[in-house]
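Worksheet: one structure, shown below.
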Amino acid sequence: MIPANRTDFEVIVVGAGFSGICAAIRLRQAGIHDFVVLDKADDVGGIWRDNTYPDVGVDIPIWGYCFSFEPNPDWRYAYAKGHELQTYAAHCVEKYGVREHLRLGIEVTGMRFDDERDQWNLQTGRGRLRARFVINAYGAFGRPKMPDITGLNSFAGTVIHSARWDNTTPLMGRVGVIGTGSSAVQIIPEVAERAERLTVFQRTPIWVIPKPDFRIPRLLRMAFRLLPGLLSVPRWIVLVWLEVLYNGVFRFKLPFTVTALEWAAGRSLRAQVPDPALRERLSPRYRFGCKFLTLSNRYYKTFARDNVRLISENIESATATGVTTADGQHHEIDTLIMATGFEVFERTSLPRYPITGTVGVDLGDYLHDNRNVCYEGVTLPPCPNAFIIHGPYSMTGSFFMTIENAVAHAVRCIIEAQRRGATRVAVKAEPYARFAEEMIARQAASIFYNSNCEAARSFYFDQHGDVPLFRPSTSIEAWWRMRRFPLADYAFSTCAAAEQQTGQRETS
Ligand SMILES: Cc1cc2nc3c(=O)[nH]c(=O)nc-3n(C[C@H](O)[C@H](O)[C@H](O)COP(=O)(O)OP(=O)(O)OC[C@H]3O[C@@H](n4cnc5c(N)ncnc54)[C@H](O)[C@@H]3O)c2cc1C
45 MIPANRTDFE VIVVGAGFSG ICAAIRLRQA GIHDFVVLDK ADDVGGIWRD NTYPDVGVDI
105 PIWGYCFSFE PNPDWRYAYA KGHELQTYAA HCVEKYGVRE HLRLGIEVTG MRFDDERDQW
165 NLQTGRGRLR ARFVINAYGA FGRPKMPDIT GLNSFAGTVI HSARWDNTTP LMGRVGVIGT
225 GSSAVQIIPE VAERAERLTV FQRTPIWVIP KPDFRIPRLL RMAFRLLPGL LSVPRWIVLV
285 WLEVLYNGVF RFKLPFTVTA LEWAAGRSLR AQVPDPALRE RLSPRYRFGC KFLTLSNRYY
345 KTFARDNVRL ISENIESATA TGVTTADGQH HEIDTLIMAT GFEVFERTSL PRYPITGTVG
405 VDLGDYLHDN RNVCYEGVTL PPCPNAFIIH GPYSMTGSFF MTIENAVAHA VRCIIEAQRR
465 GATRVAVKAE PYARFAEEMI ARQAASIFYN SNCEAARSFY FDQHGDVPLF RPSTSIEAWW
525 RMRRFPLADY AFSTCAAAEQ QTGQRETS
């Protein structure tokens with residue numbers, strides 16, 4: 045057990061979502077026990093703790109959205125609901141002994157590298173902490189984006205963001221939803237059933253394909269429990285499907301995959317919305333894949349309901365009683381739901397808090413002034429001993445694969461530094477530049493260019509016009525490279541002051 049008053053650690057993990065939980069599990073399995081996992085919230089689970097809006101759930105079949113080392117026989121739905129993920133997070137924390145490392149309710153507000161001691165100083169809401177290594181597992185979708193609407197402060201009703209849901213939010217009266225992305229597609233059909241009137245403000249239409257969801261029969265769950273090996277069957281099916289989707293649609297824009305998915309979405313739209321004019325307004329002007337994969341069996345038909353209106357005019361301003369659109373129409377609203385996504389590549393969210401690396405380099409400026417790139421999606425030359433999970437160019441297929449790959453990379457670096465008695469490990473400039481060049485060149489063939497993706501107005505594109513969310517590679521390649529990258533791509537070194545400090549910590 046780590047004493048509560050300790051402030052100096054070998055490793056600090058920031059974030060107790062699935063990334064932080066995975067890092068903690070792998071550190072323990074590697075024999076590293078001198079670490080804490082910080083989270084600003086009072087519970088684990090990350091986005092699944094925060095996103096509790098009606099019908100929140102996963103967008104890929106659940107067997108592909110869990111840890112490879114912890115298959116779960118108890119999922120109730122093929123597309124599990126948010127609360128199931130929250131239960132799964134708590135289960136992993138208990139089963140793998142992560143609980144004793146947790147320090148909840150502590151927000152990191154910045155971190156600075158001490159060049160003389162080869163360690164990071166972290167400013168937190170509860171004082172200063174120090175660590176040789178920091179794993180930044182603060183997540184990519186944790187900072188809600190609020191739309192910039194003139195006069196919003198004067199709105200007298202309730203305003204709520206989908207990622208900060210409050211179950212007491214009034215949904216019975218006149219409700220407005222701003223946004224038509226992945227969260228909105230889940231929220232809108234639910235709210236339509238409860239509200240007296242629902243007004244949906246759409247900036248960009250979205251491709252929505254049918255969701256092959258089903259309740260997993262009790263017998264099948266029992267079979268999974270008795271014969272856990274059976275779970276690898278649906279898992280491999282999902283992983284192969286994700287690979288086809290990811291490489292076929294995003295990376296290589298294979299005509300068959302893109303057209304097949306557009307056909308499925310179009311068919312569902314035609315079947316659910318009889319009015320051709322309304323169908324036209326719900327039809328995207330960009331290719332499938334320019335935005336997040338979105339599935340629903342209920343979204344399109346919601347717009348055929350009498351109590352639902354689709355508004356595609358831009359919002360001009362808000363007043364005390366509602367929202368005014370560019371055509372001069374005023375829409376009376378009691379509750380305004382912002383399903384407007386997250387700040388992902390903004391200067392304020394990458395990194396999540398100020399990170400000052402070696403010789404005083406500000407990481408945010410570094411990324412902003414150059415390109416948003418991390419070596420293998422994880423490290424940067426000016427930030428020794430620091431790792432980012434979900435860094436630029438890290439994601440392939442399911443986020444769980446991404447997490448496990450990035451954690452494997454970080455833990456390998458830490459173990460190697462310890463093995464060599466090194467106090468500093470930093471990626472060298474040349475492999476970093478090589479990786480950046482390789483990713484940017486590969487992405488040129490992707491769907492994000494030449495498919496009218498600008499019309500999707502997706503958060504995928506950063507200020508450089510790059511799409512650093514996705515790693516243009518197969519999952520197998522990513523898996524291999526994250527575990528077998530040449531150690532010579534890193535510089536390992538030792539400084540005397542740091543060694544002395546380590547000795548002091550070991551004897552304390
Ligand atoms: C609604 C929703 C649905 C999704 N569905 C899917 C899906 O179906 N498939 C898929 O592959 N991906 C999905 N994702 C992506 C999802 O983000 C990842 O799958 C994954 O859950 C991210 O885990 P994480 O631990 O990296 O980040 P998070 O879950 O965001 O956890 C990060 C943690 O860090 C903490 N933290 C942040 N900043 C600080 C700080 N300064 N100090 C201390 N603590 C801090 C936060 O409180 C949080 O607990 C979805 C995302 C959302 C928002």
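Every position in the sequence shown, counted from 1, becomes a number in this note's numbering once 44 is added. Note that beta-carbon positions come from the ideal geometry of N, C-alpha and C, so glycine has one too. Please read all numbers here as calculations on a predicted model, not as lab measurements.
Look at the stretch 191-243 and you find these whole runs of beta strand (DSSP E), each 3 residues long or longer: 202-205 and 218-222.
In the three-state reduction of the DSSP assignment, K345 falls in the helix class. Spanning the alpha carbons of L263 and E151 requires a straight line of approximately 44 Å. Around the C-beta of G465, fewer than 16 other C-beta atoms lie within 10 Å, and the residue is accordingly described as exposed. With a threshold of 7 Å, the Cβ atom of H434 counts as near ligand 1, since some heavy atom of the ligand is closer than that.
Just so you know, the alpha carbons of V100 and I231 end up roughly 7 Å apart. The Cβ neighbour count for R349, taken over all protein chains shown within 10 Å, is under 16; the residue is labelled exposed. I222 sits close to T384, with the two beta carbons spaced by under 8 Å. K472 has its alpha-carbon roughly 25 Å from the corresponding atom of A74. At a cut-off of 7 Å, the beta-carbon of V58 counts as near ligand 1: some heavy atom of the ligand is closer than that. For the pair F336 and V302, the CB atoms are not nearer than the 8 Å cut-off. In the assembly as shown, E54 is a buried residue. Its beta-carbon has 16 or more other beta-carbons within 10 Å. Inclusion of L82 and I56 in the CB contact set at 8 Å is warranted, their separation being smaller than that value. The beta carbon of N95 lies closer than 8 Å to those of G126, S206, A207, W209 and S227 in the same chain, with the five residues before and after it left out.
Around R170, the same chain offers I150 as residues with beta carbons nearer than 7 Å, after the five sequence neighbours per side are excluded. Not one heavy atom of ligand 1 lies closer than 7 Å to the C-beta of R353. Distance from the Cα of E234 is smallest, within the candidate group E138, T346, F185 and P105, for T346. Taking non-hydrogen atoms of ligand 1 into account, the C-beta of I231 is found less than 7 Å away from none of them. Uninterrupted alpha helix (DSSP H) stretches at least 4 residues long and entirely within the stretch 284-322 occur at 299-316, given in chain order. Secondary structure of S537 (DSSP, three-state): strand.
It is roughly 27 Å from the alpha-carbon of A309 to the alpha-carbon of V277. Where M155 is concerned, there is no enclosing alpha helix (DSSP H), although the beta strand (DSSP E) around it starts and stops at V152 to D158. Under DSSP, N180 shares a beta bridge with V58 and I432.
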